[in-house]
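Chains as they are written, first to last, in the numbering used here: chain A, 1 to 337; chain B, 1 to 341. Don't be surprised by glycine CBs; every beta carbon is placed ideally from N, CA and C. Since this is a predicted model, take the numbers as computed values, not measurements.
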């Protein structure tokens with residue numbers, strides 16, 4: 001089989017997909033906008049952008065993890081833990097500069113990610129099990145660290161809260177951070193050798209190992225990166241909500257994040273996935289949940305809708321994938337003959 | 001309990017140790033955890049071994065155990081079902097709604113079982129019928145089913161359950177002679193049934209073969225589609241049954257019933273030695289692990305440890321229980337390959 005045709009058909013599949021999700025996003029905006037003009041109101045749009053921004057930071061990390069044929073279920077708990085630690089440091093040392101606080105949150109996240117990375121890469125615990133365990137462990141740690149006392153808005157410095165509402169040219173810093181993460185991830189996955197190796201590891205870990213790729217190191221690295229991004233997400237969570245409750249900061253976030261990644265076309269079995277797809281998937285999830293509220297659909301329908309959208313995405317995906325695979329194998333057969 | 005360790009043997013490492021001791025190896029982590037937790041609990045409080053407390057508390061674990069029994073089949077097949085707790089919620093909501101609509105409780109309970117099985121069948125249609133990955137499908141139905149329960153019930157709480165239906169967890173099989181909690185008896189009944197299914201029937205053998213190597217099983221004439229679909233439907237049925245048990249224990253139904261139980265149920269299955277990659281696992285292991293988790297959590301409850309911290313410790317146990325035996329196996333393999341050279 002000629003590897004060039006394979007990659008080009010996969011690429012065209014990817015483009016078709018991305019166009020499809022972009023179409024759905026536009027459609028949703030039109031529908032919500034015509035049902036309730038308030039949806040397109042400035043305040044509502046900026047609220048969408050901010051919540052999509054936080055989700056995006058985590059979704060990019062999760063995409064990289066899933067590309068290596070792993071998964072991180074602990075992201076919501078890591079977000080909660082790093083938000084809590086950062087919030088407490090800010091409470092005790094009010095004069096600490098904002099950027100240092102963000103770095104602390106990212107450091108806490110990276111440490112948590114390193115625990116996941118060691119469990120998965122070194123101890124070889126399947127990632128779904130390891131992070132199922134650390135999901136509970138990091139949540140418990142958040143309780144122990146905080147002694148079950150929440151961080152209140154008066155404990156969060158104004159400069160920190162401003163990150164979610166203001167910035168250069170009126171663009172909130174939170175959104176700029178998310179954009180930087182997206183651009184760096186795009187550059188990493190499409191323009192660097194290590195990025196390509198990530199896909200190689202996910203497509204076939206054994207083969208990658210035999211080719212001499214540092215599977216252990218890269219898997220570990222990708223979990224640490226995921227942790228650091230969840231930490232950044234935690235900092236942005238504090239900026240946006242100015243409150244950290246040990247019981248519900250980031251609770252259930254893993255579902256929204258994984259949905260966004262899967263809707264964005266990343267294969268849950270690793271080896272494929274694009275930054276653009278993930279960006280679109282995140283926008284779809286964010287717009288859907290905001291739009292349903294604005295349009296006045298009872299909150300009870302939201303969870304149902306988010307489940308349905310994942311199902312539709314994967315069904316459409318497998319349908320297109322099967323057709324392309326069939327065409328590919330026909331072409332290969334023709335060439336062999 | 002049933003003797004269902006048999007399908008293990010082809011999988012164990014060709015170590016030179018005696019077979020008899022090797023059979024117990026997969027259960028050692030949970031047995032050790034159980035013993036340690038019981039000792040800790042007994043030392044820290046004289047009330048730990050209080051039977052009426054065990055009676056009151058066992059109900060919760062029985063429901064987790066019922067979900068875990070179904071999940072054992074699904075995971076042995078190499079699949080996963082994250083939607084069990086949401087399925088439980090829909091089944092309970094349907095039962096409550098029917099009851100309020102004037103349907104007798106017996107019929108409503110039967111309907112809960114049917115709904116549970118039906119939702120399991122829907123999972124199977126997507127996963128087996130359409131060939132979609134079970135992790136993603138059940139992640140979606142986890143949200144979808146929970147949403148359905150919320151749509152059915154809204155903020156409404158169903159409380160109109162008849163007196164005689166409420167409180168199965170307070171019933172003792174032998175009355176006052178000896179406290180034998182009814183739910184526990186039922187769980188053991190279910191466990192024997194599932195143990196029999198797995199170790200004594202063609203369906204059970206198909207499960208192990210499907211989970212070890214789906215392609216090979218297919219080419220050997222195993223009906224893998226039917227095996228996998230059956231496992232999902234049985235899991236759904238157990239979720240429906242757990243919904244009935246839970247409703248009887250709580251005496252009311254809210255749309256958030258059983259939220260998050262899937263994590264505990266999966267923890268129990270994996271702790272019990274079932275391989276998350278399929279092909280390996282036993283009902284006995286799941287039941288031992290259930291008691292281990294129960295002992296740990298109850299001993300923590302009695303020493304006033306916060307709920308989230310309890311969950312965290314169960315998480316630590318899950319990871320340790322996997323890492324330690326795996327490291328031992330790898331070490332042994334290294335030794336035995338050296339010997340071969």
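*Can you give, in chain order, each stretch of the alpha helix (DSSP H) that sits fully within the stretch 250-306 of chain A and has at least 4 residues?*
253-263 and 275-295
*Below 6 Å CB to CB, which residues in the same chain sit around residue 85/A once its five sequence neighbours on both sides are set aside?*
Taking the first chain and counting its residues from 1, one reaches residue 85/A at position 85. Cβ neighbours of residue 85/A beyond the five flanking positions: 108.
*Is the CB of residue 241/A under 9 Å away from at least one CB in chain B?*
The residue labelled residue 241/A in the question sits at position 241 within the first chain. It does not: the Cβ of residue 241/A has no partner Cβ on chain B nearer than 9 Å.
*Mind checking residue 1/A: buried by the 16 CB within 10 Å criterion, or exposed?*
Position 1 of the first chain, counted from the start, is the residue given in the question as residue 1/A. Low local confidence applies: a pLDDT of 42 at residue 1/A is under 50, so the model's placement there is unreliable, and no value is given.
*Under the DSSP definition of a beta bridge, which residues are partnered with residue 172/B?*
By 1-based counting over the second chain, the position of residue 172/B is 172. DSSP lists 181/B as partners of residue 172/B.
*Whole-angstrom distance between residue 145/B and residue 67/B, CA atom to CA atom*: Residue 67/B sits at position 67 when you count from the first residue of the second chain. Residue 145/B sits at position 145 when you count from the first residue of the second chain. Roughly 16 Å between the two C-alpha positions.
*Cα-Cα separation between residue 75/B and residue 284/B, rounded to whole angstroms*: Position 75 of the second chain, counted from the first residue, corresponds to residue 75/B. Position 284 of the second chain, counted from the first residue, corresponds to residue 284/B. Taking the straight line joining both Cα atoms gives about 15 Å.
_Element boundaries [alpha helix (DSSP H), containing residue 420/B]_ = Since the first and last residues shown for chain B are 1 and 341, residue 420/B lies out of range.
*asked:* Could you give the first and the last residue of the continuous alpha helix (DSSP H) run that contains residue 158/A?
replied: Sequence index remark: in the first chain, residue 158/A carries index 158 (1-based). 158-162 is the extent of the alpha helix (DSSP H) around residue 158/A.
_On the DSSP bridge list, what partners appear for residue 253/B?_
Here the question's residue 253/B lines up with position 253 in the second chain. Residue 253/B pairs with 158/B.
_Give me the chain A residues within the contact set of residue 133/B, using Cβ-Cβ distance strictly less than 8 Å, ordered along the chain._
Taking the first residue of the second chain as 1, we reach residue 133/B at position 133. In chain order: 268, 269 and 314.
*Applying the criterion that 16 or more other CB atoms from any shown protein chain within 10 Å of the CB defines a buried residue, is residue 336/B buried or exposed?*
Taking the second chain and counting its residues from 1, the one referred to as residue 336/B is at position 336. So residue 336/B ends up on the exposed side.
*Skipping 5 residues on each side, what residues in its chain have a beta carbon closer than 6 Å to that of residue 40/B?*
Position 40 of the second chain, counted from the start, is the residue given in the question as residue 40/B. Excluding residues within five positions, the ones whose Cβ falls inside 6 Å are 299.
*Hey, residue 120/B and residue 235/B: beta-carbon distance below 9 Å or not?*
Translated into positions along the second chain, residue 120/B becomes position 120. Translated into positions along the second chain, residue 235/B becomes position 235. Yes, Cβ-Cβ distance for residue 120/B and residue 235/B is below 9 Å.
*Cross-chain neighbours of residue 125/A in chain B, by beta carbon under 8 Å*: Reading the first chain from its first residue, position 125 is the one you call residue 125/A. Those are 319, 322, 323 and 326, listed as they occur along chain B.
*Considering only residues of the same chain and omitting the five flanking positions on each side of residue 6/B, which have a CB-CB separation below 8 Å?*
For the purposes of this step, residue 6/B is taken as residue 6 along the second chain, with counting starting at 1. Because residue 6/B sits at a pLDDT of 44, beneath the cut-off of 50, its placement in the model cannot be relied upon, and the point is left open.
*Compute the distance between the beta-carbons of residue 136/A and residue 54/A, then report whether it is under 9 Å.*
Locating residue 136/A in the first chain gives position 136, where the first residue counts as 1. Locating residue 54/A in the first chain gives position 54, where the first residue counts as 1. No, the pair does not count as a contact, with Cβ atoms beyond the cut-off.
*Taking only beta-carbon atoms, is residue 314/B less than 9 Å away from chain A?*
Along the second chain, read from residue 1 onward, the residue named residue 314/B stands at position 314. With 9 Å as the cut-off, residue 314/B counts as an interface residue toward chain A.
*Shorter than 9 Å from the beta carbon of residue 246/A to some beta carbon of chain B?*
For the purposes of this step, residue 246/A is identified with residue 246 of the first chain, where counting begins at 1. Taking Cβ atoms only, chain B reaches closer than 9 Å to residue 246/A, which makes this a yes.
*With a CB to CB cut of under 6 Å and the five nearest residues on each side skipped, what residues in its chain are close to residue 287/B?*
Counting from 1 along the second chain, the entry for residue 287/B is found at position 287. Once the five neighbours on either side are set aside, the close Cβ partners of residue 287/B are 191.
*Where residue 183/A sits in the DSSP three-state scheme*: In the first chain, residue 183/A corresponds to position 183, counting from 1. The answer is helix: DSSP assigns residue 183/A an H, G or I state.
*Determine the chain A residues that contact residue 126/B at a beta-carbon separation under 9 Å, and present them in chain order.*
If you number the second chain from 1, residue 126/B lands on position 126. Under the 9 Å cutoff, chain A gives 311, 314 and 315.
*What runs of the alpha helix (DSSP H), each 4 residues or longer, lie entirely inside the stretch 192-230 of chain B?*
202-212 and 214-219
*Assign residue 99/A to buried or exposed, taking buried as 16 or more other Cβ atoms, counted over all protein chains shown, within 10 Å of its Cβ.*
Taking the first residue of the first chain as 1, we reach residue 99/A at position 99. By the neighbour-count rule (16 or more Cβ atoms within 10 Å), residue 99/A is not buried but exposed.
*Would the stretch 146-163 of chain A and the stretch 235-247 of chain A be scored as touching if the rule is three or more Cβ pairs under 8 Å?*
yes
*Residues that residue 130/B contacts on chain A, provided the C-beta gap is smaller than 8 Å*: Along the second chain, one-based indexing puts residue 130/B at 130. Near residue 130/B (Cβ distances below 8 Å), the residues of chain A are 315 and 318.
*Candidates 126/B, 160/B and 212/B: which alpha carbon is nearest residue 102/B's?*
Residue numbering aside, residue 102/B sits at position 102 when the second chain is read from its first letter. Ranking 126/B, 160/B and 212/B by Cα distance to residue 102/B puts 160/B first.
*Just the C-alpha distance for residue 138/B and residue 260/A, rounded to the nearest angstrom, thanks.*
If you number the second chain from 1, residue 138/B lands on position 138. If you number the first chain from 1, residue 260/A lands on position 260. Spanning the two alpha carbons is a distance of roughly 15 Å.
*Measuring alpha carbon to alpha carbon, tell me which of 128/B, 96/B, 329/B and 123/B ends up nearest residue 150/B.*
For the purposes of this step, residue 150/B is taken as the residue at position 150 of the second chain. Residue 150/B has its Cα closest to that of 96/B, out of 128/B, 96/B, 329/B and 123/B.
*Return the bridge partner residues of residue 244/A from the DSSP annotation.*
The residue you call residue 244/A lines up with position 244 of the first chain. Per DSSP, 151/A.
*asked:* Between which residues of its own chain and residue 77/A is the CB-CB distance below 6 Å, once the five residues before and five after are set aside?
replied: Translated into the one-based positions of the first chain, residue 77/A becomes position 77. If we look at residue 77/A and ignore the five residues flanking it on each side, its Cβ neighbours are 135, 138 and 139.
*What distance in whole Å lies between the Cβ atoms of residue 17/A and residue 277/A, which are believed to be in contact at a cut-off of 8 Å?*
Reading the first chain from its first residue, position 277 is the one you call residue 277/A. Reading the first chain from its first residue, position 17 is the one you call residue 17/A. About 6 Å; that satisfies the 8 Å criterion.
*How big is the Cα-Cα spacing for residue 98/B and residue 301/B?*
Counting from one through the second chain, the residue named residue 98/B turns up at place 98. Counting from one through the second chain, the residue named residue 301/B turns up at place 301. In a straight line, the C-alpha of residue 98/B is about 36 Å away from that of residue 301/B.
*Between residue 286/A and residue 194/A, what straight-line distance do the alpha-carbon atoms span, to the nearest angstrom?*
Position 286 of the first chain, counting from 1, holds the residue named residue 286/A. Position 194 of the first chain, counting from 1, holds the residue named residue 194/A. Distance between the alpha carbons of residue 286/A and residue 194/A: 30 Å.
*Since I believe residue 323/B is in contact with residue 125/A (beta carbons under 8 Å), could you give me their beta-carbon distance rounded to a whole number of angstroms?*
Taking the first residue of the first chain as 1, we reach residue 125/A at position 125. Taking the first residue of the second chain as 1, we reach residue 323/B at position 323. So it is a contact: roughly 6 Å between Cβ atoms.
*Leaving out five residues before and five after residue 206/A in sequence, what residues of the same chain have Cβ atoms less than 6 Å from its Cβ?*
As a position in the first chain, residue 206/A is number 206, starting the count at 1. No residues qualify anywhere along the chain.
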